[in-house]
Amino acid sequence: MFVLGIDVGGTFTDFVAHREGNLFLWKTPTTKPPSHGVLQGLRLLGKRVERIVHGTTIATNAILEGKWARTVLFTTEGFRDVLEIGRQARPSLYDLFCERPAPIVPREWRLEVPERLDAQGRVVKPLDEPRVRELARKLKGKVDSVAVVFLFSFLDPRHEQRVRQILEEEGVEGPITLSSEVLPEFREYERTSTTVINAALRPLVESYLEEIAKGLNQGQFLVMRSNGGVCGPREAGRRAAELLFSGPAGGVIGACFVAEKAGFKNLITLDMGGTSTDVSLVQNGEIQYTTEKEIAGRPVRLPMVDVHTVGAGGGSIAWLDPGGMLRVGPQSAGANPGPACYGRGGTEPTVTDAHLALGHLSPARPLAGKLSLSPTLAEKVLGELAQKLRMDLASAAQGILEVAEAPMERAIRVISIERGYDPRDFVLVAFGGAGPLHAASLARKLGISKVLIPCYAGVLSALGLITADIVHNFVRSLLAPLGAVQLAKINALFAEMRKEAESILREEEISEERWEFFFSLDLRYRGQGFEINVPIRSFPLGGDLSSIIEDFHRRHEERYGFSNRNSEVELVNLRLRAVGRTEKPELPEASFLGTLDEAVLERRWVYFGEEGALKAPVFSREKIPAGAEIPGPAVLEGPESTVLIPPGSRAFVDRFGNVILEV
């Protein structure tokens, strides 16, 4: 089977193709619009592909840049300002002049409809259909998308569904998004925000995916989602908000796939690209998920891989704040003009310029994407910065790397130490174009003894795309004391979700023997405002719920350091994760049979922080034989990433070509 993964990043678009046990990989600079770069990379392949999996930042960029569709919101009378009222949380507690992000839908386009359900889902006020028709007639030709969010519609969606029927009858153009379909669970503000974001993205995402599909004109086309799974373009467009964090999710999936082959199950992943760095934690082979995330200050409450992102990447710009302190990022030089050393007109020093000046990167061999680096241009912009800092060029360049690593270290502490995990019990998996350059340094700062650098580190997110399963998530809210809920009610809701999941999996032509269903409950102690997800071991539920309650107490204690077995446990949500297993590629084993000496490209001066400049061997990673052991200091240059091995560390190459560092 010929499978292709395409991951669009902020700087490069990565391609990984798998055919008959062989992997092929290449990069192209990310273009505007990104679809051009995707189709250009496909033309380089020139062969028919049976399955194409695409990871895109189109949804993320639209929200960050404020380039969404003109959207109107239909909501319950008296609730038009939910988007602005929010949770009354200040984004910056001590800033008297802080500004909250403007609502995606301006107030004049938030339309109130007389209707009302109570907290049990009973109709208090019938839907005012004439009012809906009156509003619909005023909208023709003025909006691109419609969101419908009614109070307590997650208990009874019929009012929302009827509004959609009326809008279609009245000829209102554009997609219509119902909150009862996007997020059928309680918490009005988060449900409204998520539904509005989904509606605002749908025209853009659907148009983009349609353009890609037409250009491909071959094989099965799948799209990566934030939940770590893939789906067809129709479902991806309909649930556009689920693409917001799909890029980082692909990297975590790829890291798990490679790490499992290498024999590691407890992982901290570090994905450092040109614009940002994403970190995530995997315990015993299980990816961590969350349903709480914000983008540009707006909450999105959907299932997603739990990834923490910081604005530090290879293209991050170094600058001085008004107090003369060195800062790095979040601004990035991107792919064009890129770092100064690219020779494309960049005039500000970046992390990549610092690596080149310190000898970590080679000016003699082009980077992935056929980019040749200019030390002269890098030293020019770094020299100007060093002069302002009153230090030598090497110290300034090393300072840039130290400052860039500080938020990465903090991010890893957030996902590990602050959640009760000891990072020393985990292996750091470093990938992305820049990740392997910083891996050893970060591992030492965190006390991590082992680092895994995958053979395909620079394109691991694209590899993750072709190893991902088809995944769909479903949720139903049921707020009640767990002990008071009838098992029949829980089983009926799970059966309803499973039926919906089976319908979608059949539509995507996944055979039944590849189906898997994972059931879980969101539980909390009475009075809490947050939940813990507890998996259910078997379905349908039988007997009592004592084992589930005990699991909840244990998980609460693991996460927060205590449990309260005398407190009543409340049920909040029922969740179903439906999985359609896909065919996984086989990783080819390292094929080079020569000696380690044959892999040496040169010996050059390389700067290693406190150790200073040392003469270090530089190896071609493609020519390093399996089983090789390389002591630091050394540099391993690959086609899409470079590994830095500091003094005192040792590197081992396994049979798949992965590098395992002992730091």
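Okay, so the sequence shown: first residue is 736 according to this note's numbering, each after it adds one. C-beta: ideal position from N, C-alpha, C; glycine also.
Look at the segment 1125-1191 and you find these whole runs of beta strand (DSSP E), each 3 residues long or longer: 1162-1166, 1185-1188. Beta-bridge pairing by DSSP links M959 to V965. Taking C-alpha positions only, A1146 is separated from G985 by approximately 19 Å. Residue pairing by DSSP places R851 opposite K860 in a beta bridge. In this structure M736 is exposed. Its beta-carbon is surrounded by fewer than 16 other beta-carbon atoms within 10 angstroms. Judged by DSSP in its simplified three-state form, K1350 adopts strand. In this structure, the CA atom of A1129 is about 52 Å from the CA atom of G1315.
For F747, there is no enclosing alpha helix (DSSP H); the enclosing beta strand (DSSP E) has its first and last residue at 747-754. Taking C-beta separations shorter than 6 Å and ignoring five residues to either side along the sequence, the partners of R926 in its chain run S914, L918, following chain order. Under a 10 Å Cβ-count criterion, G856 is classified as exposed, with fewer than 16 other Cβ atoms of the shown protein chains found around its own Cβ. For L1311, the enclosing beta strand (DSSP E) covers residues 1304-1315. Taking the Cα of P1072 as reference, the smallest distance to any Cα among V1045, L1112, P1038 is reached at L1112. Annotation: the continuous alpha helix (DSSP H) that includes F1287 extends over 1281-1295. Membership of Y943 in the alpha helix (DSSP H) is indicated by the continuous run 923-951. With a threshold of 16 other beta carbon atoms within 10 Å, V1063 meets it and is buried. Residue state for H1095 is assigned as coil, using DSSP reduced to three classes. In the DSSP assignment, E1029 falls within the beta strand (DSSP E) that extends over 1028-1030. The continuous stretches of beta strand (DSSP E) do not include I1245, and DSSP gives it neither H nor E. In this structure, the CA atom of A1197 is about 15 Å from the CA atom of N757. Cβ neighbours of H789 within its own chain (closer than 6 Å, five residues either side excluded): I741, V958. Per DSSP, the unbroken beta strand (DSSP E) holding R1062 starts and ends at 1061-1067. Straight across, the Cα-Cα distance linking G1080 with A1070 is about 11 Å.
Taking 8 Å as the upper bound for CB-CB distance, A1075 and V1116 are in contact here, some 4 Å apart. Counting along the chain, F992 sits inside the alpha helix (DSSP H) bounded by residues 981-997.
The alpha-carbon of D830 is positioned some 33 Å away from that of Q1023.
With three or more CB-CB distances shorter than 8 Å, the segment 1036-1053 counts as touching the segment 1003-1015. The DSSP-derived three-state label of N796 is helix. For V1042, there is no enclosing alpha helix (DSSP H); the enclosing beta strand (DSSP E) has its first and last residue at 1042-1045. In this structure, T806 sits away from L886, with a CB-CB distance that is not shorter than 9 Å. Note on Y1295: under 16 other CB atoms within 10 angstroms of its CB, so exposed under the neighbour-count rule. Annotation: T930 to M1232 spans about 20 Å, alpha carbon to alpha carbon. Contact annotation, S1376 with P1171: C-beta distance approximately 5 Å; criterion of less than 8 Å satisfied. Burial is judged here by how many other beta carbons sit within 10 angstroms of a residue's own beta carbon; R937 has at least 16 and is buried. For L828, no beta strand (DSSP E) run applies, since DSSP gives it neither H nor E.
Nearest Cα to L1240 within the set T1317, Q1263, L1280, A1219: T1317.
A straight line joining the alpha-carbon of I1183 with that of Y1191 spans about 22 Å.
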